[in-house]
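The structure under discussion appears below in the form of structure tokens.
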Amino acid sequence: MFRACRLAGNELSQEERFALLALRHRSQLFAWERALMAPGVMDRLVELGFTVFDGSGWEPTIRGSELIARLTGHDFSLIAQSDAVIERERNVD
Numbered sequence: 000m001f002r003a004c005r006l007a008g009n010e011l012s013q014e015e016r017f018a019l020l021a022l023r024h025r026s027q028l029f030a031w032e033r034a035l036m037a038p039g040v041m042d043r044l045v046e047l048g049f050t051v052f053d054g055s056g057w058e059p060t061i062r063g064s065e066l067i068a069r070l071t072g073h074d075f076s077l078i079a080q081s082d083a084v085i086e087r088e089r090n091v092d
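Mapped onto numbering that gives the first Met the number 0, the consecutive letters of the sequence shown carry residue numbers 0 to 92.
Here it is in structure tokens:
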């Protein structure tokens with residue numbers, strides 16, 4: 000479970016990939032998915048620009064959604080982003 004995968008120029012551990020995949024626009028998470036979202040894992044995904052905490056929960060950024068699409072082979076580019084996520088991404092640029 001500790002093997003890393005190189006994606007978009009970043010090394011992500013399997014835990015980090017699974018935590019990111021758990022955010023695929025789902026309102027309810029399984030207990031094992033919530034366990035993956037430990038502070039260290041989520042802090043790293045924030046640092047890499049893949050997720051943000053919008054006050055009520057974790058959300059993938061546009062960059063995170065693109066990576067989810069690459070990992071799953073699906074087009075998640077139309078995932079509705081919360082206003083907080085969009086505003087934070089604008090402030091980063």
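Quick reminder that beta carbons are idealized off the backbone N, C-alpha and C, glycines included. Since this is a predicted model, take the numbers as computed values, not measurements.
With a cut-off of 8 angstroms, do at least 3 Cβ pairs link the segment 58-68 to the segment 25-32? Taking a contact to require three or more Cβ pairs closer than 8 angstroms, the segment 58-68 and the segment 25-32 do not qualify as touching.
For a quick check, are the C-beta atoms of Leu-11 and Gly-63 less than 8 angstroms apart? Remark: C-beta atoms of Leu-11 and Gly-63 do not approach each other more closely than 8 angstroms.
Taking Cβ positions, are Glu-46 and Leu-22 nearer each other than 8 angstroms? No, Cβ-Cβ distance for Glu-46 and Leu-22 is not below 8 angstroms.
When the Cα atoms are used, what is the spatial distance from Cys-4 to Gln-13? Bear in mind that a pLDDT of 46 at Cys-4, under 50, signals an unreliable position, so the model cannot answer this.
Can you grab the Cα-Cα spacing for the pair Phe-17 / Gly-72, in whole Å? Distance between the alpha carbons of Phe-17 and Gly-72: 15 angstroms.
Going by DSSP, which residues form a beta bridge with Leu-28? None, per the DSSP bridge assignment.
On the three-state DSSP scale, how would you describe Cys-4? Confidence at Cys-4 is low in this model, with a pLDDT of 46, below 50, so the placement of that residue is unreliable and no value is reported for it.
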